[in-house]
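K.L.:
Number of protein chains: 2
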Amino acid sequence: MAPLCRNAGTIMDRTNRNRTTITKGTHLFRPGQDCPGYVVVHEGAIRVSLTAESGREIVLYRVRPGDVCLQTFSALVHGTPYTAEGLAETDLVIEIVPPQAFQELVASNHAFRMRLFGAVADRFSDLERLVEDVALTGIPARLARALLRLADADDAVNVRHEALAIEIGSAREVISRQLAAFSRSGLISGTRGVIHLVSRPGLHSVAGEF
Amino acid sequence: MAPLCRNAGTIMDRTNRNRTTITKGTHLFRPGQDCPGYVVVHEGAIRVSLTAESGREIVLYRVRPGDVCLQTFSALVHGTPYTAEGLAETDLVIEIVPPQAFQELVASNHAFRMRLFGAVADRFSDLERLVEDVALTGIPARLARALLRLADADDAVNVRHEALAIEIGSAREVISRQLAAFSRSGLISGTRGVIHLVSRPGLHSVAGEF
DNA sequence: CGATGTCTGTGACATGATCACATCCGGCAA
DNA sequence: TTGCCGGATGTGATCATGTCACAGACATCG
Chain Z
1 MAPLCRNAGT IMDRTNRNRT TITKGTHLFR PGQDCPGYVV VHEGAIRVSL TAESGREIVL
61 YRVRPGDVCL QTFSALVHGT PYTAEGLAET DLVIEIVPPQ AFQELVASNH AFRMRLFGAV
121 ADRFSDLERL VEDVALTGIP ARLARALLRL ADADDAVNVR HEALAIEIGS AREVISRQLA
181 AFSRSGLISG TRGVIHLVSR PGLHSVAGEF
Chain Y
211 MAPLCRNAGT IMDRTNRNRT TITKGTHLFR PGQDCPGYVV VHEGAIRVSL TAESGREIVL
271 YRVRPGDVCL QTFSALVHGT PYTAEGLAET DLVIEIVPPQ AFQELVASNH AFRMRLFGAV
331 ADRFSDLERL VEDVALTGIP ARLARALLRL ADADDAVNVR HEALAIEIGS AREVISRQLA
391 AFSRSGLISG TRGVIHLVSR PGLHSVAGEF
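This is the structure in structure tokens:
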């Protein structure tokens, strides 16, 4: 079956109004706030997450150049406030397209629409995988997947345990113990600071991916 | 903020080709299968769920008249196979719009596109709530929410424990125990066969909704 | 070097998932 | 009716994970 939309690449490269720079660590939005417009990320990454009253948190997805911030899309389409939290994970260059301009773009620009459809479908696939992970998959597999996802070209992962816990919707202590277990098994080396992936195949196996 | 799309109601009432009747209990699709076209539900409900290798299962969402089957949308947009399972929860009247016809509709019909955007955004909100439920919410609240969602106008819920477990991504035994607890607390009466909601306010309170 | 604050390790316990098996209940046949 | 059968439900034991409390390790700064 041929894909309906092949190019879900960078959206709106041509527009160049209202660019804003945001400092790493800033909250772009929080639950309950109104959405000022469609958010386009030109540089950097936004981390979108949910937080429970207990303080437990889970990352829904990241918005990088070319991605759709589904929160923004959904808030605009429905005219409802944000339901999740958006954090600048790095320094950002973003652009905020006011609702009316967004609506006009959707109405007038077919290429934009198709990219939007493609990007929304991507995001949906991510969320579906997330549900599968959280509801049906155990901690070892989820952590192994997160390590493989977050590792750089040198097989190094440099994140605090707390951040790893938020990544997979678990708790810091659980991560600490599971990293120790992976280390004992020889899958990784080092459980704190920079973690090195010793055996990617081993981790893939634990992750249940072949 | 004004909603961009007010009417996410029934999509494609006007098309009336290729209507098909499906018997309750039939699988419309399974993971790995190719998507033959965009699925429109005219009558009945499709239950879309994920199943783990262990046999554990969780309901992602239901497709009723006017809803978008995101699985179908995503499969068509990406040209990829289904990733979840679709079951006829009731007898169905559906219509399958071939990929090319779907693409032409998206390209030519603005009202259709806007409804599609609206319905996709709805579905996304559902999935986000699901992630929140599964990742951050305890069994009592999830079960209470499911009971409130599934109860009919007479406050009666007639589902097997196994089905309730799939509804919230838990296990039959856990449902059995939690229903017994609700019954002891006087929130419901009867834990098997038809369950009656005695105190909706009480259940809402357990559900964490006010 | 020591004080301080943040991150990490670990034991104890609570909650939920899994397994094994007992019990209940509704048909159905003799 | 009685007894059997199979699916659905109840329950204890055990394992995996989440939560809480606190101790130990490390970095930073004076």
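Protein chains in written order, with the numbering used here: chain Z, 1 to 210; chain Y, 211 to 420.
Yeah, the Cβ is synthetic: ideal placement off N, Cα and C, and Gly gets one too.
Only a predicted model underlies this, so the values are computations on that prediction, with no experimental measurement involved.
#1: Would you say Glu89(Z) and His42(Z) are within 8 Å of each other, going by their C-beta atoms?
#2: With a threshold of 8 Å, are at least 3 pairs of Cβ atoms found where one atom belongs to the segment 33-52 of chain Z and the other to the segment 62-82 of chain Z?
#3: Excluding the five sequence neighbours on either side, which residues of its own chain have a C-beta within less than 6 Å of the C-beta of Cys160(Z), listed in chain order?
#4: Just to confirm my understanding: we take Leu397(Y), look at its own chain, exclude 5 residues before and 5 after, and list those with CB closer than 8 Å. What are they?
#5: Using the Cβ count rule (16 or more neighbours within 10 Å means buried), how would you classify Gly169(Z)?
#6: Please give the ranges of any alpha helix (DSSP H) in the segment 120-162 of chain Z, keeping only runs that are unbroken, at least 4 residues long and fully inside the region.
#7: Thinking C-alpha only, which one of Ala101(Z), Gly208(Z) and Pro31(Z) is nearest Arg142(Z)?
#8: On the three-pair Cβ rule with 8 Å, is the segment 260-279 of chain Y touching the segment 329-348 of chain Y?
#9: Note the first and the last residue of the continuous beta strand (DSSP E) segment covering Leu270(Y).
#10: Check whether the Cβ atoms of Val134(Z) and Asn158(Z) sit closer than 8 Å, and answer yes or no.
#11: Please tell me whether Phe73(Z) has its Cβ less than 8 Å away from any Cβ of chain Y.
#12: Run through DSSP, which three-state label would Arg30(Z) get?
#13: Would you call His27(Z) buried or exposed, if buried means 16 or more other Cβ atoms sit within 10 Å of its Cβ?
#14: Excluding the 5 residues preceding and the 5 following Pro140(Z) in the sequence, name in chain order all residues of the same chain whose CB lies nearer than 7 Å to its CB.
#15: Have a look at Ile422(Y) and Arg339(Y) and give me their C-alpha separation to the nearest angstrom.
#16: To the nearest angstrom, report how far apart Arg266(Y) and Leu136(Z) are at their CA atoms.
#17: Under 8 Å between the Cβ atoms of Ser264(Y) and Glu295(Y)?
#18: Work out the CA separation of Val303(Y) and Arg229(Y) for me, nearest whole Å.
#19: With 16 as the cutoff for other CB atoms within 10 Å, does Glu377(Y) come out buried or exposed?
#20: Do you know offhand how far Ser284(Y)'s Cα is from Ser185(Z)'s?
#21: Name, going along the chain, the residues of the segment 66-97 of chain Z whose beta-carbon falls closer than 9 Å to a beta-carbon of chain Y.
#22: Kindly indicate the opening and closing residues of the alpha helix (DSSP H) around Glu314(Y).
#23: Would Ala107(Z) and His320(Y) be called neighbours here (beta carbons separated by less than 8 Å)?
#24: Between Lys234(Y) and Thr293(Y), what straight-line distance do the alpha-carbon atoms span, to the nearest angstrom?
#25: So, does the CB of Ala180(Z) fall closer than 8 Å to a CB anywhere in chain Y?
#26: Please list the terminal residues of the continuous alpha helix (DSSP H) segment that includes Gly202(Z).
#27: As a quick exercise: from Leu76(Z), Phe117(Z), Glu104(Z) and Ala156(Z), pick the residue whose alpha carbon is nearest that of Leu33(Z).
#28: Please tell me whether Val120(Z) has its Cβ less than 8 Å away from any Cβ of chain Y.
#29: Along the beta strand (DSSP E) that carries Ala171(Z), what are the first and last residues, could you check?
#30: Please classify Ala88(Z): does DSSP put it in a helix, a strand, or coil?
#31: Can you list the residues of chain Z that Ser259(Y) reaches, using a CB-CB cut of under 9 Å?
#32: Consult DSSP for Val287(Y) and reduce its assignment to one of helix, strand or coil.
#33: Evaluate Gly138(Z) with the Cβ neighbour count: other Cβ atoms within 10 Å of its Cβ, from every protein chain shown; 16 or more gives buried, anything less gives exposed.
#34: Can you find a CB in chain Y that lies within less than 8 Å of the CB of Ala146(Z)?
#35: Mind pulling the chain Y residues with CB within less than 7 Å of Glu162(Z)?
#36: Could you confirm whether any beta carbon from chain Y is found closer than 8 Å to the beta carbon of Phe29(Z)?
P.N.:
So, from the data block:
#1: Residue numbering aside, residue 89(Z) sits at position 89 when the first sequence is read from its first letter. Residue numbering aside, residue 42(Z) sits at position 42 when the first sequence is read from its first letter. Not in contact: Glu89(Z) and His42(Z) (Cβ atoms no closer than 8 Å).
#2: The answer is yes - the segment 62-82 of chain Z touches the segment 33-52 of chain Z, with three or more Cβ pairs under 8 Å.
#3: Mapped onto the first sequence, residue 160(Z) falls at position 160. Contrary to the premise, residue 160(Z) reads as Arg rather than Cys in this sequence. Counting only Cβ-Cβ distances below 6 Å, and skipping sequence neighbours, we find nothing.
#4: Within the second sequence, residue 397(Y) is the residue found at index 187, counting from 1. Within its own chain, the residues whose Cβ lies closer than 8 Å to the Cβ of Leu397(Y), once the five positions on either side in sequence are excluded, are Ala354, Leu407, Val408, Ser409, Gly412, Leu413 and Val416, listed in chain order.
#5: On the first sequence, residue 169(Z) is found 169 positions in, with the first residue counted as 1. Per the 10 Å Cβ criterion, buried.
#6: Assignment of alpha helix (DSSP H) within the segment 120-162 of chain Z, counting only whole runs of 4 or more residues, yields 139-150 in chain order.
#7: As a working note, residue 142(Z) is residue 142 in the first sequence. When each option's Cα is compared against that of Arg142(Z), the closest is Gly208(Z).
#8: Yes, the segment 260-279 of chain Y is in contact with the segment 329-348 of chain Y.
#9: By one-based count along the second sequence, residue 270(Y) stands at place 60. First-last of the beta strand (DSSP E) with Leu270(Y): Glu267 to Val273.
#10: The residue given as residue 134(Z) occupies position 134 in the first sequence. The residue given as residue 158(Z) occupies position 158 in the first sequence. Contact flag unset, no.
#11: Reading the first sequence from its first residue, position 73 is the one you call residue 73(Z). It does; some Cβ of chain Y falls within 8 Å.
#12: Residue mapping note: residue 30(Z) aligns to position 30 of the first sequence, counting from 1. In the structure shown, Arg30(Z) sits in coil (DSSP, three-state: anything other than H, G, I, E or B).
#13: The residue given as residue 27(Z) occupies position 27 in the first sequence. By the beta-carbon neighbour count (other beta carbons within 10 angstroms, threshold 16), His27(Z) is exposed.
#14: Here residue 140(Z) is taken as the residue at index 140 of the first sequence, counted from 1. Taken in chain order, the residues that qualify are Gln178 and Val206.
#15: Residue 422(Y) lies beyond the range of chain Y shown here (211 to 420); nothing can be said about it.
#16: On the second sequence, position 56 is the one that residue 266(Y) refers to. On the first sequence, position 136 is the one that residue 136(Z) refers to. If you draw a straight line from the Cα of Arg266(Y) to the Cα of Leu136(Z), it is about 7 Å long.
#17: Numbered from 1 along the second sequence, position 54 holds the residue referred to as residue 264(Y). Numbered from 1 along the second sequence, position 85 holds the residue referred to as residue 295(Y). No.
#18: Counting from one through the second sequence, the residue named residue 229(Y) turns up at place 19. Counting from one through the second sequence, the residue named residue 303(Y) turns up at place 93. Within the model, the alpha-carbon separation for Arg229(Y) versus Val303(Y) is close to 7 Å.
#19: To locate residue 377(Y), count along the second sequence from 1; it is residue 167. Residue burial is scored here from C-beta neighbours: Glu377(Y) has at least 16 other C-beta atoms within 10 angstroms and is therefore classed as buried.
#20: In the second sequence, residue 284(Y) corresponds to position 74, counting from 1. In the first sequence, residue 185(Z) corresponds to position 185, counting from 1. Looking at the two C-alpha atoms, the distance is approximately 39 Å.
#21: For the segment 66-97 of chain Z, the set of residues with a beta-carbon nearer than 9 Å to any beta-carbon of chain Y comprises Leu70, Gln71, Phe73, Ser74, Ala75, Leu76, Val77, His78, Gly79, Thr80, Pro81, Thr83 and Ala84, in chain order.
#22: To locate residue 314(Y), count along the second sequence from 1; it is residue 104. Where Glu314(Y) is concerned, the enclosing alpha helix (DSSP H) stretches over Pro309 to Ser318.
#23: As a first step, residue 107(Z) must be located in the first sequence, where it is residue number 107. As a first step, residue 320(Y) must be located in the second sequence, where it is residue number 110. For Ala107(Z) and His320(Y), yes; Cβs fall inside 8 Å.
#24: Locating residue 234(Y) in the second sequence gives position 24, where the first residue counts as 1. Locating residue 293(Y) in the second sequence gives position 83, where the first residue counts as 1. One C-alpha to the other measures close to 21 Å.
#25: Looking up residue 180(Z) in the first sequence gives position 180. Output row for Ala180(Z): interface = no.
#26: As a working note, residue 202(Z) is residue 202 in the first sequence. In this chain, the alpha helix (DSSP H) harbouring Gly202(Z) covers Arg200 to Ala207.
#27: Working through the first sequence from its first residue, we reach residue 33(Z) at position 33. Note on residue identity: the sequence assigns Gln, not Leu, to residue 33(Z). Nearest option by C-alpha distance: Leu76(Z).
#28: Here residue 120(Z) refers to the residue found at position 120 of the first sequence. Contact with chain Y is found for Val120(Z), since one of that chain's Cβ atoms lies less than 8 Å from the residue's Cβ.
#29: Locating residue 171(Z) in the first sequence gives position 171, counting from the first residue. Per DSSP, Ala171(Z) lies in no beta strand (DSSP E) and is assigned neither H nor E.
#30: On the first sequence, residue 88(Z) is found 88 positions in, with the first residue counted as 1. Strand.
#31: Residue mapping note: residue 259(Y) aligns to position 49 of the second sequence, counting from 1. Residues of chain Z with a Cβ closer than 9 Å to the Cβ of Ser259(Y) do not exist; the shortest Cβ-Cβ separation is about 10 Å.
#32: As a working note, residue 287(Y) is residue 77 in the second sequence. In the three-state scheme derived from DSSP, where H, G and I count as helix and E and B as strand, Val287(Y) is classed as helix.
#33: Residue mapping note: residue 138(Z) aligns to position 138 of the first sequence, counting from 1. Its Cβ having fewer than 16 others within 10 Å, Gly138(Z) is exposed.
#34: Position 146 of the first sequence, counted from the start, is the residue given in the question as residue 146(Z). Not closer than 8 Å to any Cβ of chain Y, the Cβ of Ala146(Z) fails to qualify, so no.
#35: Along the first sequence, one-based indexing puts residue 162(Z) at 162. Within chain Y, no residue comes near Glu162(Z); the closest Cβ sits about 16 Å away, beyond 7 Å.
#36: Stepping through the first sequence from its first residue, residue 29(Z) is reached at position 29. So no, Phe29(Z) is outside the interface.
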